[in-house]
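First comes the structure, then the notes that go with it.
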Amino acid sequence: MSAAGGLYDQIGRGYAGQRREDPRIAAQLLDALGEWRTLVNVGAGTGNYEPVGRRVVAVEPSVEMIGQRSGREALAVRASAEALPFRDGAFDVALAMFTIHHWSDRTAGLHELARVASRHVSLVYDPAVTDRLWLHDFFPEIRFQSAEAEVPTAEVLGQVLDVVDVRPLMVPFDCSDGFTGAFFGRPEAYLEPAIQAGMSTLTRLPEAVRAAGTRRLRDALADGTWDGRYGDLRRTPEYDIGYRLALTRARK
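Residue numbers (my numbering): 96 to 347.
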């Protein structure tokens, strides 16, 4: 089983409460998926962004996350991206949202996507944009995490798959999902332990490091430094944090 399964067995408790599907992000994803009949959601977590009403199979290595999939239509299979338990060409399309940066062997996982589906939609990153997120000013150690230092990009996918299109995934100001960049204009949220617990970028930091960053942010909000630098974000309806939807095809 992959390293991601062990990680989320540890940090995934209560994940479903903080990581709720945002309909505006779901709409962007559905547009990127296009027409399909069968879909495999790799690294599915608690089931956010799984389309309903059609045949979906979810793949998730963490028992903790599978246990929080209450009410989801999709069949959930405990397995890892690097060894998908399906025949070649079993699905029309494969989905990989907020997961590739956790795979222990990305090349193997991408080859598996290509094996089981001819088309894929994956969340990747544009580091030139994500590195500018103000959160790094208060938690600079994020940049040195292995998953963040080697974020999956469209170029990484292109080493195995044919990249057809790359689209910005715009994040709404009042995003209901709790991923790392979701509160770009609501900085007070990052002070809350429950919200931090839903972000692997913060939960993977040593406790003392995370506490120090939280103090820095709290002080910057109290003395007006944050608003002096980034206050315009409080009035920004949607924001490009550097998240990208990569549309790919298996190579022939």
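For each residue, glycine too, the CB sits at the ideal point set by N, CA and C.
Computed from a predicted structure; not experimentally measured.
- The three-state reading of DSSP puts Y325 in helix, counting H, G and I together.
- According to the DSSP secondary-structure assignment, R262 is paired through a beta bridge with L340.
- Here A191 carries a strand assignment [DSSP, helix/strand/coil].
- Looking at the DSSP output, Y220 sits in a beta bridge with Y338.
- Unbroken beta strand (DSSP E) runs of no fewer than 3 residues, entirely contained in the region 124–150, are found at 133–137, following chain order.
- Here A223 is exposed, its C-beta having fewer than 16 other C-beta atoms within 10 Å.
- Straight across, the Cα-Cα distance linking S199 with T320 is about 39 Å.
- Contact between V154 and A174 holds, with the beta-carbon distance rounding to 5 Å and staying under 8 Å.
- With 16 or more neighbouring CB atoms inside 10 Å of its own CB, E159 falls in the buried class.
- Relative to the Cα of G166, the nearest Cα in the group N143, T331, V259 and Y220 belongs to N143.
- The region 266–282 and the region 328–343 touch, with no fewer than 3 CB-CB distances between them shorter than 8 Å.
- With respect to the C-alpha of R210, the residue from L179, L230 and H196 having the closest C-alpha is L179.
- Looking at L125, G253, G293 and A306, the one whose alpha-carbon comes closest to that of D272 is G293.
- A Cβ-Cβ contact shorter than 7 Å links T343 with H215.
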